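Colleague:
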Amino acid sequence: MRYREPFTVYPRKMKSGLIVWYYQTYDEFNKRNSARSTGQTIKSAARAYCRKLEKEDLLVPNSLNNLTFGEFAIGWWVTGKCKYLEYRKSRRTLSYNYIKACSQITQNHIIPYFQDYKIRSIKRFHVEKWIDYLVGLGISNSSVNIYSRVFHLMMAEAVRREILLTDVTKNIPALKNSSKPKGIFSQEIVAKLFDRNKIEKNWLCKEYYYANLLAACTGMRMSEVVGLQNKDIFPGYIAVTKQYIRGIGIQPTKNKKSREIPIPPELEKELRALSDGGADSFVLSIDGKGNPLTHNYVLSNLKKALHNIGISENEQKKMNYSFHSWRHYFNTLMRSHDISDSKLQSLTGHSSMAMTDHYTHFNHSDFQDVGAVQAQIFTLTDVTGS
Numbered sequence: 465m466r467y468r469e470p471f472t473v474y475p476r477k478m479k480s481g482l483i484v485w486y487y488q489t490y491d492e493f494n495k496r497n498s499a500r501s502t503g504q505t506i507k508s509a510a511r512a513y514c515r516k517l518e519k520e521d522l523l524v525p526n527s528l529n530n531l532t533f534g535e536f537a538i539g540w541w542v543t544g545k546c547k548y549l550e551y552r553k554s555r556r557t558l559s560y561n562y563i564k565a566c567s568q569i570t571q572n573h574i575i576p577y578f579q580d581y582k583i584r585s586i587k588r589f590h591v592e593k594w595i596d597y598l599v600g601l602g603i604s605n606s607s608v609n610i611y612s613r614v615f616h617l618m619m620a621e622a623v624r625r626e627i628l629l630t631d632v633t634k635n636i637p638a639l640k641n642s643s644k645p646k647g648i649f650s651q652e653i654v655a656k657l658f659d660r661n662k663i664e665k666n667w668l669c670k671e672y673y674y675a676n677l678l679a680a681c682t683g684m685r686m687s688e689v690v691g692l693q694n695k696d697i698f699p700g701y702i703a704v705t706k707q708y709i710r711g712i713g714i715q716p717t718k719n720k721k722s723r724e725i726p727i728p729p730e731l732e733k734e735l736r737a738l739s740d741g742g743a744d745s746f747v748l749s750i751d752g753k754g755n756p757l758t759h760n761y762v763l764s765n766l767k768k769a770l771h772n773i774g775i776s777e778n779e780q781k782k783m784n785y786s787f788h789s790w791r792h793y794f795n796t797l798m799r800s801h802d803i804s805d806s807k808l809q810s811l812t813g814h815s816s817m818a819m820t821d822h823y824t825h826f827n828h829s830d831f832q833d834v835g836a837v838q839a840q841i842f843t844l845t846d847v848t849g850s
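Each residue of the sequence shown is one higher than the one before, starting from 465 at the first, in our numbering.
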């Protein structure tokens, strides 16, 4: 095959009458790129100029060989601009929280380090050095692993779009998991937190009390608890069909699936009494405008309540207590009473893909055994007044 030079030069006459030589190159699809001026008036000088650019890898300023990671990352995680998000539309939908978290990781931890690297020049040792750099900043191994997965996703997308031939992040092993297990509330703590006679003493207001009690009895996520509306409460059960994200509003549940969770009759009655609004009113609202409780205040009031029953801030940190601890408490309590994993999965909406196909679909009428366990929480905490 006849050799073809990576550029061609040709003369162009300016309005002044001066002859200036221009050059054209070819893109990765063998199509001509726009002509660019050499600034030279002699053909040999123009060719020498092009050879110099070629040697410096600057002949095609916008070629993929010169594409920096910073340029590649422009518009990532922005709806309407991110090609990856467009690609994912026909596949599994990504949640708002996931996209937001990935965007923050990209902007705060990936772009600042790799923005000036030519994307095709990034090697495995560069990525490993970046991982060591993050660890050196005091970031936990678990968080670094998450950041690495986001970077891997971006590099894999570059391969899909044929910007890269291979993904250098693909076979880099994850760091040893250093995450601290979430604390699980003991029955003694639960009894003190939900003592009906001390609601005013332990809690800022009853709405925060019931937000936590509901989570303890159902294993619902905080966003699902604050997003509960009057129309979601049915005789004997709650329909969890959505979550509330601050700044966004009502969104589908984390796994995009709805579920029914039984609740004790006493809790159903008391939840209905909290809101006198219409079907779309949020059950837990204290601002007088019908807005749901905010996530930050729910968590801070749980911490204050723990402090009020004698658990210091240092002890809370040591035990790693959080609102999510209620999901661990609920799971542990149900399993200790031999509630099947399939039922527990259906209740919590927290399933692994490997087991999902084996699980049966349940409705609230199948959970009488769960209701018996929930009733123990009320007995334990004297919520019913017994």
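By construction, the Cβ of each residue, glycine as well, lies at the ideal position given by its N, Cα and C atoms.
The model shown is predicted, which means the values in this text are computed figures rather than measured ones.
#1: Where DSSP assigns a beta bridge to P726, which residues make up the other side?
#2: Can you check whether the CB of L735 is closer than 9 Å to the CB of I697?
#3: F536 and I483 - do their beta-carbons sit closer together than 9 Å?
#4: Provide the residue span of the alpha helix (DSSP H) that contains S606, from first to last.
#5: Could you tell me how far apart the beta carbons of Y793 and I702 are, in whole angstroms, since I believe they sit closer than 8 Å?
#6: What are the start and end residues of each continuous beta strand (DSSP E) run of 3 or more residues lying completely inside the region 469-509, in chain order?
#7: By DSSP's criteria, I746 is part of a beta bridge. Which residues make up the other side?
#8: In the DSSP assignment, find the beta strand (DSSP E) that holds Q707 and state where it starts and stops.
#9: Assuming contact is defined by CB atoms lying nearer than 9 Å, are V690 and P756 in contact in what I supplied?
#10: Using CA coordinates, which residue listed in W540, L531, K662 and P728 is at the minimum distance from I569?
#11: Just list the residues that DSSP pairs T532 with in beta bridges.
#12: Taking the alpha-carbon positions, what's the R468 to A622 distance?
#13: I believe K718 touches S559 by the beta-carbon criterion, under 8 Å. Please report the beta-carbon distance rounded to the nearest angstrom.
#14: Using the Cα positions of G481 and G534, report the straight-line distance between them to the nearest angstrom.
#15: Confirm, please, whether the CB-CB distance from Y672 to N765 is below 9 Å.
#16: Looking at C-beta atoms only, is the number of pairs between the region 652-667 and the region 768-779 that lie closer than 8 Å three or more?
#17: With a Cβ-Cβ cutoff of 9 Å, do Y490 and C514 count as a contact?
#18: Which ranges would you report for the alpha helix (DSSP H) in the region 640-692 if only whole runs of at least 4 residues count?
#19: Helix, strand or coil: how does DSSP classify I563 here?
#20: So, is G683 buried or exposed, given that buried needs 16 or more other C-beta atoms within 10 angstroms?
#21: Would you give the residue range spanned by the beta strand (DSSP E) that G713 belongs to?
#22: If you count every other CB in all the chains shown that lies within 10 Å of the CB of R496, and 16 or more means buried, which is it?
#23: Note down, in chain order, each residue of its chain lying with its Cβ closer than 6 Å to the Cβ of Y548, except the 5 sequence neighbours on either side.
#24: For the alpha helix (DSSP H) that Y597 lies in, which residues bound it at each end?
#25: Using 9 Å as the threshold, is the C-beta distance between L677 and L731 below it?
#26: Can you tell me whether D805 is helix, strand or coil according to DSSP?
#27: Would P728 be called buried (16 or more neighbouring beta carbons within 10 Å of its own) or exposed?
#28: By how many angstroms is the C-alpha of L797 removed from the C-alpha of R613?
#29: Can you check which of these residues, I773, G774, E688 and E518, is closest to F746 by C-alpha distance?
#30: Looking at the secondary structure, which residues open and close the alpha helix (DSSP H) in which S800 lies?
#31: Whole angstroms is fine: what's the gap from V542's alpha carbon to I712's?
Modeller: The relevant details are as follows:
#1: What you label residue 726 is simply residue 262 of the sequence shown in a count that begins at 1. In DSSP, P726 forms a bridge with Y701.
#2: Taking the first residue of the sequence shown as 1, we reach residue 697 at position 233. Taking the first residue of the sequence shown as 1, we reach residue 735 at position 271. Closer than 9 Å, so yes.
#3: Within the sequence shown, residue 483 is the residue found at index 19, counting from 1. Within the sequence shown, residue 536 is the residue found at index 72, counting from 1. No, Cβ-Cβ distance for I483 and F536 is not below 9 Å.
#4: Here residue 606 refers to the residue found at position 142 of the sequence shown. Its alpha helix (DSSP H) spans residues N605 to R624.
#5: Numbered from its first residue, the sequence shown carries residue 793 at position 329. Numbered from its first residue, the sequence shown carries residue 702 at position 238. Wrong, their Cβ atoms sit about 18 Å apart, outside the cutoff.
#6: Counting only runs of 3 or more, we get 471-477, 483-489 and 500-504.
#7: Locating residue 746 in the sequence shown gives position 282, where the first residue counts as 1. Going by the sequence as given, residue 746 is Phe instead of Ile. The partner list for F746 (beta bridge, DSSP) reads Q693.
#8: If you number the sequence shown from 1, residue 707 lands on position 243. It spans Q707 to I709 - the beta strand (DSSP E) in which Q707 sits, taken as one unbroken run.
#9: Translated into positions along the sequence shown, residue 690 becomes position 226. Translated into positions along the sequence shown, residue 756 becomes position 292. By the CB criterion at 9 Å, V690 and P756 fall inside the cutoff.
#10: In the sequence shown, residue 569 corresponds to position 105, counting from 1. Minimum Cα distance to I569 is reached at W540.
#11: For the purposes of this step, residue 532 is taken as residue 68 along the sequence shown, with counting starting at 1. Under DSSP, T532 forms a beta bridge with K582.
#12: Within the sequence shown, numbered from 1, the residue matching residue 468 stands at position 4. Within the sequence shown, numbered from 1, the residue matching residue 622 stands at position 158. Answer to the nearest angstrom: the Cα atoms are 28 Å apart.
#13: Taking the sequence shown and counting its residues from 1, the one referred to as residue 718 is at position 254. Taking the sequence shown and counting its residues from 1, the one referred to as residue 559 is at position 95. K718 to S559, Cβ: 6 Å. Contact.
#14: Here residue 481 refers to the residue found at position 17 of the sequence shown. Here residue 534 refers to the residue found at position 70 of the sequence shown. Rounded to the nearest whole angstrom, the CA to CA distance from G481 to G534 is 41 Å.
#15: Locating residue 765 in the sequence shown gives position 301, where the first residue counts as 1. Locating residue 672 in the sequence shown gives position 208, where the first residue counts as 1. Yes. Within cutoff.
#16: Short answer: they touch.
#17: Taking the first residue of the sequence shown as 1, we reach residue 490 at position 26. Taking the first residue of the sequence shown as 1, we reach residue 514 at position 50. No.
#18: If you keep only unbroken alpha helix (DSSP H) runs of at least 4 residues inside the region 640-692, you get 651-657, 663-666, 670-682 and 686-690.
#19: Residue mapping note: residue 563 aligns to position 99 of the sequence shown, counting from 1. Helix.
#20: On the sequence shown, residue 683 is found 219 positions in, with the first residue counted as 1. Around the beta carbon of G683, 16 or more other beta carbons sit within 10 angstroms, so the residue counts as buried.
#21: Taking the first residue of the sequence shown as position 1, residue 713 is located at position 249. Segment G713 to Q715, the beta strand (DSSP E) holding G713.
#22: Counted from its first residue, the sequence shown places residue 496 at position 32. Result: exposed.
#23: For the purposes of this step, residue 548 is taken as the residue at position 84 of the sequence shown. Within the same chain, Y548 has close Cβ partners E621.
#24: Translated into positions along the sequence shown, residue 597 becomes position 133. Looking at the DSSP string, the run of the alpha helix (DSSP H) that includes Y597 is R588 to G600.
#25: Locating residue 677 in the sequence shown gives position 213, counting from the first residue. Locating residue 731 in the sequence shown gives position 267, counting from the first residue. Between L677 and L731, the gap from beta carbon to beta carbon is short of 9 Å.
#26: In the sequence shown, counting from the first residue as 1, residue 805 sits at position 341. D805 carries a helical assignment under DSSP once its states are collapsed to helix, strand and coil.
#27: By one-based count along the sequence shown, residue 728 stands at place 264. P728 is buried by the Cβ-count criterion.
#28: Stepping through the sequence shown from its first residue, residue 613 is reached at position 149. Stepping through the sequence shown from its first residue, residue 797 is reached at position 333. For R613 and L797, the distance between alpha carbons rounds to 33 Å.
#29: Numbered from 1 along the sequence shown, position 282 holds the residue referred to as residue 746. Among I773, G774, E688 and E518, the Cα nearest to that of F746 is on E688.
#30: Here residue 800 is taken as the residue at index 336 of the sequence shown, counted from 1. Boundaries of the alpha helix (DSSP H) around S800: S789 to S800.
#31: Taking the first residue of the sequence shown as 1, we reach residue 542 at position 78. Taking the first residue of the sequence shown as 1, we reach residue 712 at position 248. Whole-angstrom Cα-Cα distance: 15 Å.
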